[in-house]
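Working notes, structure below.
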Amino acid sequence: MLADTDLMQHFGYNDPQRIAKAGDMPADLLEGRNGGCGLVVGVMQGFGTHKHLAQFPHDHLIGTVAELPVRLAQSCFTMLDEGIV
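Counting from 9, one number per residue, gives the positions in the sequence shown under this note's numbering.
Here is the structure:
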């Protein structure tokens with residue numbers, strides 16, 4: 009997750025818990041979880057299928073990237089409620 013860490017630092021984020029990682033491949037989900045991302049979302053569009061992605065660590069599985077803004081908003085409210093942000 010070196011590239012993502014570099015991007016985080018470039019934009020002034022030091023806490024990976026405030027970062028969301030989304031992808032359609034198992035490696036994306038593993039990278040997000042191993043990197044400590046606060047939200048890991050599997051996208052069942054492109055390469056990913058529910059059966060395949062469900063085997064890997066994730067917070068949500070969504071059908072298309074169009075659903076991502078809703079999941080991000082829900083997670084932001086949860087983080088606020090839990091005092092993370």
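For glycine and all other residues, C-beta sits at the position ideal for the given N, C-alpha and C.
With 16 as the cutoff for other CB atoms within 10 Å, does V49 come out buried or exposed?
Your numbering for residue 49 matches position 41 in the sequence shown. Buried, by the Cβ-count rule.
Would you mind stating whether P65 and R26 have Cβ atoms separated by less than 8 Å?
Mapped onto the sequence shown, residue 65 falls at position 57. Mapped onto the sequence shown, residue 26 falls at position 18. Taking 8 Å as the Cβ cut-off, P65 and R26 do not qualify as a contacting pair.
In this structure, does DSSP put G31 in helix, strand or coil?
The residue you call residue 31 lines up with position 23 of the sequence shown. Secondary structure of G31 (DSSP, three-state): strand.
Please classify L37 as buried or exposed, where buried requires at least 16 neighbouring CB atoms within 10 angstroms.
What you label residue 37 is simply residue 29 of the sequence shown in a count that begins at 1. By the neighbour-count rule (16 or more Cβ atoms within 10 Å), L37 is buried.
Given this structure, state the Cα-to-Cα distance separating G46 from G54, to the nearest angstrom.
Within the sequence shown, the letter at position 38 stands for residue 46. Within the sequence shown, the letter at position 46 stands for residue 54. Taking the straight line joining both Cα atoms gives about 23 Å.
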